[in-house]
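The block underneath contains the structure these notes are about, expressed in structure tokens.
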Amino acid sequence: MNSPLYGKIRVSQRYKGASHKGIDLVGVDSKEIHSTVDGIVEAARWDMQSGSSGIDTSYGMGQYVRIRAEDTDYRHYFAHMSQILVTAGQRVKRGAVIGIEGSTGNATGSHVHYEIRRTTRNTTFLNVSELSGIPNQLGTYEQEETDISDPALEEAKRVVQEKAGLNDNTMVYLQSYRFGEELIRKLAAAMAEQV
Ligand SMILES: [Zn+2]
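According to this note's numbering, the sequence shown is numbered sequentially starting from 62.
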């Protein structure tokens, strides 16, 4: 499956079509929200009622991120974040940390509302469970490590470790840092430019 939360996750609300257009997930092991696709961040902000000027922190999706998957029109929504860690216009890879789970907006407890739409209109929602492989059933599941391995990240790790002459322990330490994976990608890109 392709879940925005890694490790153990709990499905706290099923996808129900028009009456619940996404699936609600609670991170048991980690509250970090990862992009499920390579794409462009189209929105990273508070959800706003159209016509309203001020921020209502208990409205709709709360702090949310919308990513358009590369080469498609599909929009992936990650809602109710306590913290947003990307900005609109940014290109992200699958697996990148884009925010932290929270309960902003219309939410009673901490969870990620994960929704996929064909356009930005809220009538074009798709079956997120089918597309992501996350079971549409309340319960606790595990995002397997093998499902989330990213070839580009693996290559970046190899480049950084080799060129900087780092040992395995240092690499583990780097990755355990919250933005470690992004740092490794940036270092690898910088090292590639130096040649
Ligand atoms: Zn929801």
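Ideal Cβ positions, reconstructed from N, Cα and C, are used throughout, including at glycine.
Check: Please determine, among Ser111, Gly112, Lys82, Ser143, the residue with the shortest C-alpha to C-alpha distance to Ser286.; Outcome: For the chain, the structure presents residues 62 to 256; residue 286 sits outside this window and is missing.
Check: Which word fits Ile145, buried or exposed, when buried means at least 16 other C-beta atoms lie within 10 angstroms of its C-beta?; Outcome: buried
Check: With distances taken from each beta carbon to the nearest heavy atom of ligand 1, which residues come in below 6 Å, in chain order?; Outcome: Gln74, His81, Gly83, Asp85, His174
Check: Take His81 and list the residues in its own chain whose beta-carbon comes closer than 8 Å to its own, dropping the five residues that flank it on each side.; Outcome: Gln74, Arg75
Check: Report yes or no: do the segment 84-95 and the segment 155-168 share at least 3 C-beta pairs separated by less than 8 Å?; Outcome: yes
Check: Determine the DSSP secondary structure at Ala149, reduced to helix, strand or coil.; Outcome: coil
Check: Restricting to Cα atoms, I'd like to know which of Ile128, Glu203, Ser119 is closest to Tyr175.; Outcome: Ile128
Check: Where does Tyr135 sit, in a helix, a strand or coil, going by DSSP?; Outcome: coil
Check: Can the beta-carbon of His141 be found less than 8 Å from the beta-carbon of Met122?; Outcome: yes
Check: Which runs of the alpha helix (DSSP H) spanning at least 4 residues fall entirely within the segment 202-253, listed in chain order?; Outcome: 206-209, 212-225, 229-237
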